[in-house]
Structures are given as C-alpha cells and as structure tokens.
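A.B. asks: The opening position of the sequence shown corresponds to residue 178 in our numbering, with each subsequent residue numbered one higher.
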Amino acid sequence: MAVLAIGLAMGLSGVKPIPVILTVQALNGFILPLITFYLILLVNDPNIVPHKHRHSAYYNLVLIVLLGVMLLLGLNNIDRSISEFFHLTSQSHLEINFLITIFIMVVTAFC
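What follows is the structure in structure tokens.
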C-alpha cells in the first residue's frame, strides 16, 4: 500500500523517476557493502559463533572476494550518480574505486 502511495505522490508531483532510481541505486551501493562487512565480522566473532561452527579460511576468502565485488560495483554506482547529479564529466574513477576496494578487503581480512 505504501508503494502505491509513493508512486501516486511522485506521479502527481511531477518528479522525474530516473534521478530517484539512480539515487536509490547509489544508496544501495553504499549500504550493501556495509551490511556485508558487518556480517563477515559477525560470523567470525568467537563470542557469537563457537569455534566448531565457524567457517573455514576458504569460505572467509570467498566472502572477502564477494565483499570486494560489491564494493567495486557500489563505489562505481556512487561515483556515477554523483557525476550525473553535479553534471561532471563522464570520466570514470575506476582506479580510485579499485584501490579503495583493495584497501577495505585487506582491512576486512585482518579484522
């Protein structure tokens, strides 16, 4: 019901849906890696998960690689949304996004 009300309000207000969709996509690119990072820390916490139920190093490596992929995609979406919002050039900052992703993956691996 809330979705219908929001759709009706957007239709009546004249707001264009594409910028809203891009903004929500950028927020998703920010929130999803944060939740993934938190879950990786949570499943490896010895106070929560006993040693015999903890995942192997291989599984943790897979989780960190997935975190890296989500970070790279999320940072790229955020970069694209900010560039479109401020009408910046379409130059991609993929190198910077890649370095940030590698840094966060290394920090996660050693937490």
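Using N, Cα and C, we set each Cβ at its ideal position, and we do this for glycine too. From a predicted model like this one, the values you see are computed outputs, not experimental measurements.
1) If we ignore side chains and look at the alpha-carbon of each, how far apart do residue 231 and residue 199 end up?
2) Within 10 angstroms of its Cβ, does residue 179 collect 16 or more other Cβ (buried), or is it exposed?
3) If you follow the alpha helix (DSSP H) that residue 188 is part of, which residue opens it and which one closes it?
4) Out of 271, 196, 209, which one is the CA nearest neighbour of residue 244?
5) If you count every other CB in all the chains shown that lies within 10 Å of the CB of residue 224, and 16 or more means buried, which is it?
6) So what does DSSP say about residue 260, is it helix, strand or coil?
C.D. replies: With the structure as the only source:
1) Using only the alpha carbons, I get a separation of about 38 Å.
2) Residue 179 comes out exposed.
3) Its alpha helix (DSSP H) spans residues 179–190.
4) If we check each option's Cα against that of residue 244, 209 comes out closest.
5) Residue 224 should be labelled exposed.
6) Residue 260 sits in a helix when the DSSP states are folded into three classes.
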